[in-house]
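With our numbering as the guide, the letters of the sequence shown map in order to residues 1 to 128.
Below: the structure, in structure tokens.
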Amino acid sequence: MSTEDGQRSGRPKEISTERVHHIIHEYLGMRKPCTKWVPRNLTLDQKQRRVDDSEQYLKMMKRNKPEFLRRSVTMDETWLHHFTPKSNRQLSEWTGHDKPAPKIEKNATVGWQGYGVCILGCAWNNFH
1 MSTEDGQRSG RPKEISTERV HHIIHEYLGM RKPCTKWVPR NLTLDQKQRR VDDSEQYLKM
61 MKRNKPEFLR RSVTMDETWL HHFTPKSNRQ LSEWTGHDKP APKIEKNATV GWQGYGVCIL
121 GCAWNNFH
């Protein structure tokens, strides 16, 4: 068994691999995304909702701080964006510079009270 490519008919390549990549990137405006983490993406509405919720919680805490703290479950939620191919070679594809790589969004949620973690969750959504 060999991992080498077999003979193929047709005209042999007469330019370097680097030159091919230069033409694809510079002249055709294409790119080939690979596996990578990208930062979270919050919309303006999501950011505003976080501000509104925080202001509401501050008002509730000011009314009765001991009871508020006793009943509170602190949560942290984040969206993780990850492009997950089987391998870089198998799933990378040429796309235009203005087109994003396909990604899978994962929402991770953790909640805890004074005694430790009490809620742990994760949700997946496909966005292409």
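Heads up, the beta-carbon is just placed ideally off N, CA and C, and yes, glycines get one too.
Straight-line Cα distance separating residue j from residue i
i          : j          : result
residue 45 : residue 61 : 24 Å
residue 56 : residue 99 : 39 Å
residue 20 : residue 7  : 21 Å
residue 29 : residue 17 : 17 Å
residue 63 : residue 69 : 11 Å
residue 65 : residue 59 : 10 Å
residue 15 : residue 23 : 11 Å
residue 43 : residue 54 : 17 Å
residue 39 : residue 71 : Legend: pLDDT at residue 39 = 43, less than 50; position of this residue unreliable, value from coordinates given subsequently. For residue 39 and residue 71, the distance between alpha carbons rounds to 32 Å.
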